[in-house]
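Residue numbers (my numbering): 3 to 86.
See the structure below:
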């Protein structure tokens, strides 16, 4: 049985993280709110690292640099096309 992909608001994620921080076990939270353990683990990790659940805020420095370089390459390609 496959699970349909669900989206959760930042407020809901924060509520789940706070439940965990206040002593509720991960297994209880996962079971009670029908979550995956990996999702909860990711939310806790993101909250501890950056305090944000936004994907962009949680990129590593290498991932940020890679995005920037790809953007630069795309810009240079467009400039080269204009000069042709």
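Backbone N, C-alpha and C fix where the C-beta goes; we use that ideal spot for every residue, glycine too.
Straight-line gap, residue i to residue j (C-alpha atoms, nearest Å)
i	j	result
residue 78	residue 65	20 Å
residue 39	residue 67	30 Å
residue 53	residue 80	37 Å
residue 58	residue 33	29 Å
Element boundaries [alpha helix (DSSP H), containing residue i]
i	result
residue 14	12-23
residue 79	63-85
Residue from the options with nearest C-alpha to residue i
i	options	result
residue 46	15, 85 and 69	15
residue 17	51, 42 and 33	42
residue 48	62, 76 and 28	62
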